[in-house]
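In the numbering used here, the protein residues as written are 58 to 391. Note that CB positions come from ideal geometry on N, CA and C, so glycine has one too.
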Ligand code: NDP
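Shown next, in the form of C-alpha cells:
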C-alpha cells in the first residue's frame, strides 16, 4: 500500500529535495500541493508533475492522502500541523516546528492524541557523516568527549533572500533557521542534551527589521561537554565543519553541514589519522524512508516531534540569551 502525500507549501525545499525524496520511496506518491495562491498552486503542480494544486488547507486535507509535508514559512507550521493531526494525517514538518517551544509541544500533543506519526525534518541526522561520528563516539573511539565545535556559517543564496531576512513575524533570522539544526545535530552526534546556552547575534548587513544574520553560541551539555556553534547567512567563503574532541581522539568533519551527502570525517588519535567511510545516501530520501517505516509501525522518524521541541527550545534560549546578555537554561518542557 502506498503512502499518499499532500504538500503544504509550494516551497523551494520541496522542489529541490523533498518531492524527489518522496518519489524515491517504492511506496511514495504525491497527490496534491497547497499554496495560498491558486495560481501558484496550479503552476507548481504542473512544473512538478503533481496531479492536484489547491489553494486552501481544507481542500488539501479533504484529498485522499495519508500524510502531509509542511514547508511553509515558520509562523504557519503550528496551525497547519494541528489541522492535519485533527484530520488524522501523519505530519512531517519542517524545522522549526513553530515559533516557540510551547507551540511545538502543542503539535506533539495533537499528533499523539490523534495517533499519527510526527517527524521534524532535521535532515542532518540522516547524513552518513553525522551517523558515522555518532557511532564512533558511542564506540569510545575518542574516549571521553570533552568539547565540540560547529562551523555552520554560509551564504544565503539570492533566491532565498526573502522572508528569512525580512520578516520577524514569519520566524525569520538565522537562529530559527540554522541554530535549530546545529542544536539538533549536536544532540544527535553527542547523544547528549544541552542544558544551557550563551549567545550573541549580529546583523551584518543582509538582514533587516531587527533580524539577526549571524550568531555565535556556547553550549553546555548534561555530561559536562561544552560546545560552540557559529551560524550565519553572510559569509561566502567560510566552509562548514563539525568537530568533537575527546580524551583519546578527535573527530574532524569538513564540508558536512549541508544538504548533500558530501564531506569528510577524519579520526585523529595517537595512532595518526584515519578517514572514516560513511554512507552517501541522499539525506532527504533517508528521512522519508524512516518516516514511511514509522507509519508502518517500524521505528521512529529520524527526528521525532520531541527532537523538534528540543531544537526549538535550544534556539529560543539562544535568542533570549542574545537579547539579555545572560546565560539561559534550556528546558524543552517535555
Ligand atoms: P520558500 O520561501 O521557498 O517557501 C516558503 C513559502 O513562501 C511557500 O510556502 C510559498 O507560499 C511562498 N513562496 C514561495 N515562492 C514564492 C513566490 N515566488 N512568490 C510568493 N510566495 C512564494 O521557503 P523554503 O523552501 O526555503 O523554506 C520553507 C520551510 O522549510 C521553512 O520552514 C524552512 O525553515 C524549511 N527549510 C528546511 C530545510 C531543511 O533542510 N530541513 C532547508 C530549507 C528550508 P505558498 O505555499 O502559499 O505558495
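Where the alpha helix (DSSP H) through residue i begins and ends
i           : result
residue 348 : 340–352
residue 101 : 95–104
residue 194 : 185–195
residue 132 : From DSSP, residue 132 is part of no alpha helix (DSSP H); its letter is neither H nor E.
residue 245 : 237–247
residue 166 : 158–171
residue 223 : 220–223
residue 80  : 76–80
residue 116 : 114–118
Proximity test, residue i beta-carbon vs the ligand NDP heavy atom, cut-off 7 Å
i           : result
residue 316 : yes
residue 217 : yes
residue 187 : no
residue 163 : no
residue 281 : no
residue 229 : no
residue 66  : yes
residue 105 : no
residue 97  : yes
residue 160 : no
residue 220 : yes
residue 286 : no
residue 302 : no
residue 131 : yes
residue 192 : no
residue 128 : yes
residue 51  : The question about residue 51 has no answer here: the residues shown for the chain are numbered 58 through 391.
residue 178 : yes
residue 93  : yes
residue 87  : no
residue 235 : no
residue 257 : no
residue 136 : no
residue 69  : yes
residue 152 : yes
Residue i vs residue j beta-carbon contact at 8 Å
i           : j           : result
residue 322 : residue 340 : no
residue 98  : residue 90  : yes
residue 137 : residue 114 : yes
residue 179 : residue 370 : no
residue 246 : residue 325 : no
residue 125 : residue 202 : no
residue 71  : residue 132 : no
residue 77  : residue 59  : no
residue 146 : residue 173 : yes
residue 61  : residue 123 : yes
residue 210 : residue 284 : no
residue 204 : residue 282 : yes
residue 392 : residue 222 : Residue coverage of the chain in this structure runs from 58 to 391, which leaves residue 392 outside it and unanswerable.
residue 368 : residue 237 : yes
residue 347 : residue 356 : yes
Endpoints, beta strand (DSSP E) assigned at residue i
i           : result
residue 399 : No information on residue 399 is available, as it lies outside the stretch 58 to 391 that the chain covers here.
residue 91  : 85–91
residue 321 : 321–326
residue 377 : Not the beta strand (DSSP E): residue 377 falls in the alpha helix (DSSP H), residues 362–381.
residue 206 : 202–210
residue 110 : 109–111
residue 282 : Taken as a continuous stretch (DSSP letters only), residue 282 belongs to no beta strand (DSSP E), as it is neither H nor E.
residue 147 : 147–150
residue 256 : 251–259
Cutoff 8 Å; reference residue i; Cβ partners in own chain excluding five residues on either side
i           : result
residue 232 : 256, 258, 269, 272, 288, 372, 375, 376, 379
residue 395 : No answer is possible for residue 395: the residues shown for the chain start at 58 and end at 391.
residue 349 : 60, 82, 84, 85
residue 171 : 142, 143, 145
residue 213 : 221, 222, 263, 270, 290, 291
Residues near residue i in its chain [Cβ-Cβ closer than 7 Å; skip 5 each side]
i           : result
residue 165 : 175, 362, 363, 366
residue 315 : 297
residue 344 : 78, 178, 180, 183, 359
residue 342 : 78, 81
residue 304 : 200, 201, 203
Spatial neighbours of residue i in its chain, beta-carbon cut-off 6 Å, leaving aside the 5 residues before and after
i           : result
residue 186 : 310, 313, 320, 322, 335
residue 299 : 207, 310, 313
residue 274 : 254, 256, 286, 375
residue 128 : 66, 68, 70, 71, 151
Residue i burial status per 10 Å Cβ neighbour count (16 or more: buried)
i           : result
residue 388 : exposed
residue 381 : exposed
residue 153 : buried
residue 117 : buried
residue 189 : buried
residue 103 : exposed
residue 162 : buried
residue 280 : exposed
residue 318 : buried
residue 242 : buried
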